[in-house]
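Here the structure comes first, spelled out in structure tokens, and everything after it is commentary.
Protein chains: 2
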Amino acid sequence: MRIGELAKQVDMSTDALRYYEQQGLLSAPQRSASGYRQYGGKHMAQLRFIRRAKDVGFSLEEIAELLKINFEKAEHSCQEVKDLTLKKRDLVAQRIAELQRFHASLSQLAEQCCGSSAPAQHCSILTALEDIDGLNQ
Amino acid sequence: MRIGELAKQVDMSTDALRYYEQQGLLSAPQRSASGYRQYGGKHMAQLRFIRRAKDVGFSLEEIAELLKINFEKAEHSCQEVKDLTLKKRDLVAQRIAELQRFHASLSQLAEQCCGSSAPAQHCSILTALEDIDGLNQ
DNA sequence: ATAAACCTTAGAGTTAACACTAAGGTCAAG
DNA sequence: CTTGACCTTAGTGTTAACTCTAAGGTTTAT
Ligand SMILES: [Zn+2]
Ligand SMILES: [Zn+2]
Ligand SMILES: [Zn+2]
Ligand SMILES: [Zn+2]
Chain A
951 MRIGELAKQV DMSTDALRYY EQQGLLSAPQ RSASGYRQYG GKHMAQLRFI
1001 RRAKDVGFSL EEIAELLKIN FEKAEHSCQE VKDLTLKKRD LVAQRIAELQ
1051 RFHASLSQLA EQCCGSSAPA QHCSILTALE DIDGLNQ
Chain B
951 MRIGELAKQV DMSTDALRYY EQQGLLSAPQ RSASGYRQYG GKHMAQLRFI
1001 RRAKDVGFSL EEIAELLKIN FEKAEHSCQE VKDLTLKKRD LVAQRIAELQ
1051 RFHASLSQLA EQCCGSSAPA QHCSILTALE DIDGLNQ
């Protein structure tokens, strides 16, 4: 299977596949006499692993770590894998908390603004951003 | 007030102030005979506006828009400001939803893994990432 | 045999919001 | 009058995950 075909199968771009190979996420495949990459089922499996790991929020760097562990299962522990997962989950939770603060502030600002098509000289949102006491306490 | 002094007052870096000026977020101040930037209260107010807008999640690009509206209040409406705010809030909400999906998946994965220091050959997390049916349905 | 569709590499571009560096001019204190 | 702290510009580096471009070689179908 050449790169275009594999890319179509897993719904990724050929650029992405070459990039993953360069980053050590996808095994370098054999090459044809003319230098074309020749992929097999193993590569498709790797790409599906990558896809699923991305779908739960892992970065490519983290996925590379997971793939390595998966490749050398005997030399790694469940603890290691679980730690990676929990650490990622906590980072995600932190980011969610930050965004929820944003969301609350934006909601509060929007609520107080009349939203009319009249000139904005009195706009409470602009006032809040200007004044020291516009937001919070 | 020179740039270092102002930067200290608002707790930002001098690089950041020059960057804001270049991006049109901070008015270009007068210069001394030797070319030093000379800031006043107006600039401090602008920086505080920027700080507060950042604190509720606006990007610098969005802040530039808000500053422009704030500067020409008569030519803009509350509706415009409120729309910006609501649009941003909805984007934030979307991102939160995505991260919450990540969080749920990661929690589920972690829950199923024994986390022991034994070899990872049986690890349910790796299995889930490998298998088609490991996650979701 | 030739055109369309595919493949190759290397390298630059994208986005955000700065941080860092170099090479040099200025200002206050002692 | 010299040190040290401050300022200037222009330009490069950072992170993530690719995308795009250029310049060319290969395969397949007609
Ligand atoms: Zn209003
Ligand atoms: Zn308003
Ligand atoms: Zn286990
Ligand atoms: Zn496990």
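Chains as they are written, first to last, in our numbering: chain A, 951 to 1087; chain B, 951 to 1087.
For each residue, glycine too, the CB sits at the ideal point set by N, CA and C.
>> Under DSSP, the alpha helix (DSSP H) around A/Phe1052 begins and ends at which residues?
In response: What you label residue 1052 of chain A is simply residue 102 of the first sequence in a count that begins at 1. It spans 1028 to 1062 - the alpha helix (DSSP H) in which A/Phe1052 sits, taken as one unbroken run.
> Buried or exposed: where does B/Ala1003 fall if 16 or more other Cβ atoms within 10 Å of its Cβ makes it buried?
Replying inline: Within the second sequence, residue 1003 of chain B is the residue found at index 53, counting from 1. Classification for B/Ala1003: buried.
> Is it buried or exposed for A/Gly991, if we count other Cβ within 10 angstroms and need 16 for buried?
Replying inline: Locating residue 991 of chain A in the first sequence gives position 41, counting from the first residue. It counts as exposed.
> For A/Gln959, which residues from the same chain have a beta carbon less than 6 Å from its beta carbon, with the 5 sequence-adjacent residues on both sides left out?
Replying inline: Position 9 of the first sequence, counted from the first residue, corresponds to residue 959 of chain A. Same-chain partners within the cutoff: there are none.
> Around ligand 1, what residues have a beta-carbon under 7 Å from a heavy atom of it, in chain order?
Replying inline: A/Cys1063, A/Cys1064, A/Gly1065, A/Ser1066, A/Ala1068, A/Ala1070, A/His1072, A/Cys1073, A/Ser1074, B/Cys1028
> Based on the DSSP output, what are the partners of B/Pro1069 in its beta bridges?
Replying inline: Translated into the one-based positions of the second sequence, residue 1069 of chain B becomes position 119. The partner list for B/Pro1069 (beta bridge, DSSP) reads A/Ser1027.
> Residues bridged to B/Arg1002 by DSSP?
Replying inline: One-based indexing of the second sequence puts residue 1002 of chain B at position 52. According to DSSP, which records beta bridges pairwise, B/Arg1002 is partnered with nothing at all.
> Taking the alpha-carbon positions, what's the B/Ser982 to B/Gly954 distance?
Replying inline: For the purposes of this step, residue 982 of chain B is identified with residue 32 of the second sequence, where counting begins at 1. For the purposes of this step, residue 954 of chain B is identified with residue 4 of the second sequence, where counting begins at 1. Approximately 14 Å, taken between the alpha carbons.
> Looking at C-beta atoms only, is the number of pairs between the stretch 1065 to 1075 of chain B and the stretch 1048 to 1055 of chain A that lie closer than 8 Å three or more?
Replying inline: no
> Can you tell me the Cα-Cα spacing of B/Gly1007 and B/Arg952, whole angstroms?
Replying inline: On the second sequence, residue 1007 of chain B is found 57 positions in, with the first residue counted as 1. On the second sequence, residue 952 of chain B is found 2 positions in, with the first residue counted as 1. The straight-line gap from Cα to Cα measures roughly 29 Å.
>> Run through the DSSP bridge pairs and tell me what B/Gln988 is partnered with.
In response: The residue given as residue 988 of chain B occupies position 38 in the second sequence. According to DSSP, which records beta bridges pairwise, B/Gln988 is partnered with B/Gln980.
> Roughly how many angstroms lie between the CA atoms of A/Ala1024 and A/Gln1050, to the nearest whole one?
Replying inline: Taking the first sequence and counting its residues from 1, one reaches residue 1024 of chain A at position 74. Taking the first sequence and counting its residues from 1, one reaches residue 1050 of chain A at position 100. A/Ala1024 and A/Gln1050: Cα-Cα distance of roughly 41 Å.
> From this set, B/Lys1032, B/Glu1030, B/Leu956, which residue's C-alpha is nearest B/Tyr986's C-alpha?
Replying inline: The sequence position of residue 986 of chain B within the second sequence is 36, counting from 1. For the residues B/Lys1032, B/Glu1030, B/Leu956, the minimum Cα distance to B/Tyr986 belongs to B/Leu956.
>> Measuring alpha carbon to alpha carbon, tell me which residue in B/Leu1017, B/Gln973, B/His1026, B/Gln996 is nearest A/Ala1068.
In response: Within the first sequence, the letter at position 118 stands for residue 1068 of chain A. Per the Cα distances, B/His1026.
>> Once the 5 residues before and after B/Gln1062 are set aside, which same chain residues still bring their CB inside 6 Å of it?
In response: Here the question's residue 1062 of chain B lines up with position 112 in the second sequence. Cβ neighbours of B/Gln1062 beyond the five flanking positions: Ser1074.
> Quick one: what's got a C-beta closer than 7 Å to B/Ala978's C-beta in the same chain, skipping five residues either side?
Replying inline: As a first step, residue 978 of chain B must be located in the second sequence, where it is residue number 28. Hits under 7 Å: Glu971.
> Which of the three DSSP states, helix, strand or coil, is assigned to A/Glu1022?
Replying inline: Your numbering for residue 1022 of chain A matches position 72 in the first sequence. Three-state result, A/Glu1022: coil.
>> Please list the terminal residues of the continuous alpha helix (DSSP H) segment that includes A/Ser1074.
In response: Looking up residue 1074 of chain A in the first sequence gives position 124. Residues 1074 to 1080.
> Would you say B/Ala1070 faces chain A, with C-beta separation under 8 Å as the test?
Replying inline: By one-based count along the second sequence, residue 1070 of chain B stands at place 120. So yes, B/Ala1070 belongs to the interface.
> Looking only at C-alpha atoms, which of A/Ala1047, A/Ile1082, A/Leu1059 sits nearest to B/Leu1095?
Replying inline: Residue 1095 of chain B falls outside the range modelled here, since chain B spans only 951 to 1087, and no answer is possible.
> When the cut-off is 8 Å and only beta carbons count, does A/Ala990 lie next to chain B?
Replying inline: If you number the first sequence from 1, residue 990 of chain A lands on position 40. First, the residue type needs correcting, since residue 990 of chain A is Gly and not Ala in the sequence shown. So, not an interface residue.
>> Taking 7 Å as the limit between beta carbons, can you name the residues of its chain near B/Gln973, skipping five residues before and five after?
In response: Taking the first residue of the second sequence as position 1, residue 973 of chain B is located at position 23. Within the same chain, B/Gln973 has close Cβ partners Leu1010, Ala1014.
> In terms of residue numbering, what span does the alpha helix (DSSP H) encompassing A/Asp961 cover?
Replying inline: For this step, residue 961 of chain A is matched to residue 11 along the first sequence. Taken as a continuous stretch (DSSP letters only), A/Asp961 belongs to no alpha helix (DSSP H), as it is neither H nor E.
> Would B/Val960 count as contacting chain A if we go by Cβ distances under 8 Å?
Replying inline: If you number the second sequence from 1, residue 960 of chain B lands on position 10. No, because no Cβ of chain A sits closer than 8 Å to the Cβ of B/Val960.
> At a CB-CB cut-off below 7 Å, which residues of chain B make contact with A/Leu975?
Replying inline: Numbered from 1 along the first sequence, position 25 holds the residue referred to as residue 975 of chain A. Residues of chain B passing the Cβ test: none, with the nearest at roughly 13 Å.
>> As a quick exercise: from B/Gln1044, B/Val1042, B/Cys1028, B/Asn1020, pick the residue whose alpha carbon is nearest that of A/Glu1080.
In response: Within the first sequence, residue 1080 of chain A is the residue found at index 130, counting from 1. Considering only alpha carbons, the answer is B/Asn1020.
>> Quick test of your reading: A/Gly1065 and B/Gln1029, contact by CB under 8 Å. State the CB separation rounded to the nearest angstrom.
In response: The residue you call residue 1065 of chain A lines up with position 115 of the first sequence. The residue you call residue 1029 of chain B lines up with position 79 of the second sequence. Going by Cβ atoms, the distance from A/Gly1065 to B/Gln1029 rounds to 5 Å, so yes, they are a contact pair.
> Does any residue of chain A bring its CB to less than 8 Å from the CB of B/Glu1080?
Replying inline: Working through the second sequence from its first residue, we reach residue 1080 of chain B at position 130. For B/Glu1080, the answer is yes, since a Cβ of chain A falls inside 8 Å of its Cβ.
> Apart from the five residues on each side of it in sequence, which residues of its chain come closer than 7 Å, Cβ to Cβ, to B/Gln980?
Replying inline: For this step, residue 980 of chain B is matched to residue 30 along the second sequence. Closer than 7 Å at the Cβ level, and outside the excluded window around B/Gln980, lie Gln988.
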